[in-house]
Every structure is written in structure tokens, then in C-alpha cells.
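Step one of this worksheet: look at the structure below.
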Amino acid sequence: MATEYNAFITEETIEGDEDGPLAGTTVAVKDNISTEGIRTTCGSEMLADYVPPYSATVVDRLTDAGATVVGKTNMDEFGMGTTTETSAFGPTRNPADPDRVPGGSSGGSAAAVAAGEADVALGSDTGGSVRCPAAFCGVVGIKPTYGLVSRYGLVAYANSLEQIGPIASTVEEAAEALSVIAGPDPNDGTTRDPTSVDGGGDGDADAGADGGIDYAAAADGDVDGLTVGVPTELFEGADERVVETVEDAIADLEAQGAETTETSLPSVEHAVQAYYVIATSEASSNLARFDGVRYGHRADSDENWNESFAETREAFGSEVKRRILLGTYALSAGYHDEYYAKAQDAREWVRQDFEEAFADVDVIASPTMPVLPFELGESLDDPLRMYLADANTTPANLANLPAISVPAGEADGLPVGLQLVGPKFDEETVIRAASAVE
Ligand code: GLN
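What follows is the structure, encoded as C-alpha cells:
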């Protein structure tokens, strides 16, 4: 039963503590998040037999809070994809329609929750990988503010962009899991205490037991007086059926007392291009560590060390190789200013657009994905089409902002996700608004 949609790569258990706020909760963990004694493959041949000697901070926090890990979920290889089809372990199917993809790269995590194979799942979101599969599978996914959740034990794809985030059936359950995994970690120097940050922990929600923020308390559905910005740029070019469903959900927020206003994010048209330059550049550097010496697969060549290294890296799939080549090119002497430096400029423009928008609005609403879930195989030979599907999710990663995808309804029987983005460390407002959409 648990393998009906190929949501899991490995089904092994880590029992939780008996006590704690998540006692009795089952959790599925994306297979790029380290689990002591349980193999962590990143969906790759390269790490097919790699067993980490320690668990990620987020895994320890969940089991300390009483949750039981039930397995490691399928994913696009090293998080590189939007469909879970680049996994070396075969594609995951979408429980809403098994002929369609579950989204990616955390497709196994979203499918496990949608199919009832886990209560909560962890994904990682570098450019949309929690929100995209949540939208395609009809569940809730949170991409926290950069620095809210520890990345210790997460196998890096593009460190300046990514965060681990929870996926669940309801906003409240996802928020509850976020409360458990959030907060500073001495093993990740980029983490911050949200209560010490301006705008974080606005005092509406009770402090959690350990002094952290109780994000579930913010899921009260009270949007009276909340200002929702609607940026035209994130609706242009989207599938009409998606636009209609999302507009209905926004109208429903208005009916509940929210105020909606048009807002503009002029630079987001550059977001997906900037994202793919920055993400592939960071990936080309991060994936250099898979050299056959320290981790995972090793091809022993009689020739010399260079040959061994080259042959070892044959274990990467074609999408991963494409990205390493793209990133290496973008960082090369002579091209650096033309690509990487320009992408960093665009990243700054996107960040400023959001800052200006948040002077007037509390949250920004849009479709999570501009398209309905692809049919299996449909986008595999067309990487550019797959990359462009990340147009609405990548801006929040570039600007390091909190974002959530919540089910807005269905179009042609397929789930449609509404995305809400908020100011840094203000996940409470994002969670509050999302809870009114359900
Ligand atoms: N689809 C995007 C990519 O392929 C996002 C992936 C992610 O967030 N890990 O890079």
C-alpha cells in the first residue's frame, strides 16, 4: 500500500519519544535530509548506498517532539527538477491522478501526505520544491524564511536559496510541525531566533513551550482587515483554469474581510532566469564533493585519479550533469560578470520589489504554479518548459521570504495551489491568511 505511488525510496522507521506535542504523528522525510543509520540517497545512483552517521537537526527535533519517521521519500535527483521524474528510483505518481506527476522536487513527500501514507512530511525548497508538489497534490506546503529552520544535515543543492519546510493536509498541521523544527541551531550559523527579529513573532500567537513561536496558533482564519496584494505579473501567462480558481479563492478571502489591492513586482520577470544561474552555480560547487573519495559511489579506474573521478561522476543523471555544466560555465573566468554578477543584480531587484510592496500590503497572493500537473513524461524532454514552470515560486527564494502553498480548489478535477508570500520572519501572517483559504 505504502508503495502504490512510489512515494518512498526507503521505508524504515525512527521511533519518536513517547511524549511530546507530535506524539502519534507519522512523518515522511525527503531523501536529501540525513537520517542516522538509514540510507539517504538524494534520489541519485551516486548515494544509493550512502548511510549517514548522524541525523539532521530537523529530524532530531521531530522525534524529540514525539513524531515517528516512517521513511525517506522520493525526489528529483539532488532536488533538481519540478516533477520527481529525474529520480534514479523511478517517478512518483500523483495520488490525485496517477497518470500525472506529483510536482517536484519533493514529490514523494507531497504524495505520501496526499495518499495518507504519512501525517506530515519534510521537503526542501530551493526554488519551489515544497510548494510545487504541495500545489500539484492538493496539500499544504510551507517554505520558511531563510534562516528560520536549520539546514544542518540537508545535502546542499544551492545553499543561499534553500530551506527545509513541512508539508501536511492542513495549514494547522503544517504550522505545528514548523513550530517544532524552527529556531536557532548552533550547527547552522545562518539560523536566527525569529522572536529577536523585527517583524518575527508579532505577539498574536502564543509563545511555544520552548520559548519559540507557536505557529499553529496563527492558523485562526482571521483575515479581517488584512491587506492582500495581487501582483499582475504572477498571473500573466498562467493557465486560465488556474487563474480562475485562484481568483475565486482570493475573492473568498475578500468575503471574509480581507482587503485586496493590485500590487506590482516589476522585476519578477527576471526571477526564474536569475534563479537558474545562481542555483546551478552553487550546485556546481556543492556537487564537487562527490568525487568517489568521501561519499557514495566510486568507480575505480586503473588509469589515474582523474580517470577515477570522471568515471565516478558517471553516476549522476543527465539533469544533474546539465546543471553542473551550466553552473561551471556561469562561474568561468570571462563569463562570470555576464551571467553570475547579472543574476545577483536581478536577485537584489526582486528583493527590493517585495520590500516596496510590503510597505502597502500584508501578504502577496498568486497561483503557486502557473500550470496544472503535467502528465508523466510530458516535460522530460523539454527542460526549459520545466524551468519556466518555476516562475512564481523562485521569487520568494531569491528574496529569502516565507511562502506557503494552500489548496485553492480544483480545475478539471486537478488540484490548484494558491501561494501567499509574506515579509521576512512573518510566517504567522502567511499562515493566518492561508488558514482562511482552506
Ligand atoms: N524546480 C526547481 C529546480 O529544479 C526547484 C527545485 C528545488 O526547490 N529543489 O531547481
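Under UniProt numbering, the residue at position 388 of the sequence shown is numbered 388, and the numbers go up by one with no gaps.
For glycine and all other residues, C-beta sits at the position ideal for the given N, C-alpha and C.
- Considering only LEU148, VAL155, ALA28, ILE164, the residue with the shortest C-alpha distance to ALA118 is ALA28.
- For ASP76, the closest C-alpha among the options GLY66, SER109, VAL59 is that of SER109.
- Boundaries of the beta strand (DSSP E) harbouring LYS143: 140-143, taken from the DSSP string.
- In this structure, the C-beta of ALA279 approaches the ligand GLN to less than 6 Å from one of its heavy atoms.
- At least one heavy atom of the ligand GLN sits closer than 6 Å to the Cβ of ASP125.
- At a threshold of 6 Å, MET80 counts as near the ligand GLN, since its beta carbon sits closer than that to one of the ligand's heavy atoms.
- Assigned with DSSP and collapsed to three states, GLN344 falls in helix.
- Contact between VAL406 and GLY422 does not hold, since the beta-carbon distance rounds to 13 Å and is not under 8 Å.
- Inter-segment contact for the region 185-192 and the region 122-141 is absent: fewer than three beta-carbon pairs are separated by less than 8 Å.
- In the displayed model, PRO383 falls within a helix according to three-state DSSP.
- By the beta-carbon neighbour count (other beta carbons within 10 angstroms, threshold 16), ASN94 is buried.
- In terms of Cβ geometry, GLY296 and TYR50 form a close pair [threshold 7 Å].
- If you check the C-beta of ASP381 against the ligand GLN, you find no heavy atom less than 6 Å away.
- Under the three-state reduction of DSSP, GLN273 is assigned to helix.
- Proximity to GLY20 across THR68, GLU45, SER44, THR40 peaks at THR68, based on C-alpha coordinates.
- A contact between stretches requires three or more CB pairs, one per stretch, nearer than 8 Å, and the region 376-388 fails this requirement with the region 340-350.
- Between THR3 and GLY71, the gap from beta carbon to beta carbon reaches 7 Å or more.
- Cβ neighbours of ALA88 within its own chain (closer than 8 Å, five residues either side excluded): THR41, GLY43, SER44, GLU45, ALA48, GLU77, GLY317.
- By a beta-carbon distance limit of 8 Å, VAL180 does not contact ILE164. Their separation comes to about 12 Å.
- Taking each of VAL197, LEU62, PRO133 in turn and checking the Cα distance to THR84, the smallest one comes out for PRO133.
- Annotation for LYS321: no beta strand (DSSP E) segment contains it, though the alpha helix (DSSP H) segment containing it runs 318-331.
- Listed in chain order, the non-local C-beta contacts of GLY16 below 6 Å within the same chain comprise THR63, GLY66, ALA67, THR68, local neighbours out to five positions each way being set aside.
- Residue pairing of ILE38 in beta bridges, as defined by DSSP: THR35.
- Annotation: ILE14 is outside any beta strand (DSSP E) and is labelled neither H nor E by DSSP.
- Under DSSP, PRO367 shares a beta bridge with LEU418.
- Shown here, ALA396 sits in a helix according to DSSP, grouped into three states.
- Restricted to the region 179-263, the alpha helix (DSSP H) segments that are unbroken, complete and at least 4 residues in length are 240-255, listed in chain order.
- Your pair VAL59 and THR26 does not check out as a contact, with CB atoms roughly 13 Å apart and the cut at 8 Å.
- DSSP lists ARG100 as the bridge partner or partners of GLU375.
- When DSSP states are grouped into helix, strand and coil, ASP125 belongs to the strand group.
- For VAL69, the uninterrupted beta strand (DSSP E) segment begins and ends at 68-73.
- Nearest to VAL228 by C-alpha distance, out of ARG294, ALA359, GLY147, is ALA359.
- Between ALA408 and LEU420, the alpha-carbon positions lie close to 11 Å from each other.
- Secondary structure at GLY165: strand, using DSSP grouped into helix, strand and coil.
- Between the C-alpha atoms of ARG39 and PRO166 there is a straight-line separation of about 21 Å.
- Taking 7 Å as the cut-off, the Cβ atoms of TYR215 and ALA115 do not count as close.
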